[in-house]
Amino acid sequence: MSYPAIRPRRMRRDAFSRALMREHALQVTDLIMVAFVIEGENRRVDVPSMPGVQRLSIDLLLELAGECVRLGIPALALFPITDAPKTEDAAEAWNPDGLMQRACRALKAKYPELGLIGDVALDPYTVHGQDGLIDAHGYVMNEPTIEALVKMSLAQAEAGMDFVAPSDMMDGRVGAIREALEAAGHIHTRILAYSAKYASSFYGPFRDAVGSAANLGKGDKHTYQMDVGNADEALREVELDIHEGADAVMVKPGLPYLDVLRRVKDAFGMPTFVYQVSGEYAMLKAACQNGWLDEKSVVLETLTCFKRAGADAILTYFAIDAARWLRGE
Ligand code: PBG
């Protein structure tokens, strides 16, 4: 009987050599917390399809932000659920005193060092739950939507947002937003482009959380979000956004799209973010709550996989939990 001279298991035998050969490791500084903000005071409202996630009024959002700062999480991505009536023109999106802008000012006043990422899309504000403005046939119109997104981005930049993050997938919106920000003197406001955003069924719990699911009804977003079967197209989308002035690009959803993430990172070497979306959270949480998976180890595994696939940063509803685990708390 002959034995192998080359034994990969030698390096795996002890923790010290496993540590030495580890190629990718998750750090707290890779994490971006995601939060939903609502009107009112001292209000927290559960999201039924996302156990453990709550919509928070600004005062409670400040506590969550304080915890991010304490843990060393670099940034917070914000999504608003406003009480203002939804309209055809989504004008609440650029109201200087709108919920998003107020939340941003409050957070920047108390925690200036915490990076803030503002979602730029019209779905929290439109009567139909689409990310843009629609024509008589229900088609989301590209240029009129861009005009609205530009106003929205300027309102957020004015309020002190560090990143505006267009999640709408209109053609040319990054360039238009960049030009408007420069013209208004907001030269430091970064753009995180949701460049390869797929028409995914994993957004369901998010649409419940922001209350756009009911308005969207049987509608879908296939005329602007990408087809699940495509990967080359993701590279074309990312390339456009880079040329239009994106400071960082994103792939979304996360785990089912690691191949796309790897290709994007390899092709462009840009700051590349990935979004572990609501459906991924719900799926993991449900299995963990049933005792079918071990939450800490399985969540840290998914986040490490994003790093291995090329992510520089990860938007995740698990950010605070993961940071605590990484710090041994
Ligand atoms: C909409 C938006 C969505 C998400 C972020 N921004 C949903 C959608 O496109 O319908 C999904 C995030 C998640 O599922 O966690 N602009």
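57 is the number of the first residue of the sequence shown in the working numbering; add one for each residue after it. Note that CB positions come from ideal geometry on N, CA and C, so glycine has one too. Owing to the predicted nature of the structure, the values given are computational and were not obtained by experimental measurement.
Close CB contacts of A323 within its chain, under the 7 Å cut and outside five residues either way in sequence, are with L291 (chain order).
In the structure shown, V294 adopts helical secondary structure according to DSSP, grouped into three states. For D322, the Cβ stays outside the 7 Å cut-off from all heavy atoms of the ligand PBG. The beta carbon of F374 is closer than 6 Å to those of V355 in its chain, skipping five residues each way along the sequence. Not one heavy atom of the ligand PBG sits closer than 7 Å to the Cβ of A165. The beta carbons of V206 and T279 sit no closer together than 8 Å. For the pair R318 and L178, the Cα-to-Cα distance works out to about 29 Å.
Taking the Cβ of A131 as the reference point, every heavy atom of the ligand PBG lies at 7 Å or farther away. Apart from sequence neighbours up to five positions away, the residues of its chain that approach A269 with a beta-carbon distance below 6 Å are R263, ordered along the chain. In this structure, L170 and A221 do not form a Cβ contact; the two beta carbons are roughly 15 Å apart against a cut-off of 8 Å. W348 counts as exposed, since fewer than 16 other C-beta atoms from the protein chains shown sit within 10 angstroms of its C-beta.
Counting only residues of its own chain and dropping the five nearest sequence neighbours on each side, L87 has a CB closer than 8 Å to the CB of I129, P130, L359, A369, I370, T372, A375, A378 and A379. K253: member of the beta strand (DSSP E) spanning R246 to K253, first to last residue. Below 8 Å, too few C-beta pairs join the region 104-111 and the region 147-164 to call them touching: fewer than three. If you compare the alpha carbons of A249, P141, L210 and F219 with that of G241, the shortest gap goes to L210. Rounded to the nearest whole angstrom, the CA to CA distance from M282 to G275 is 15 Å.
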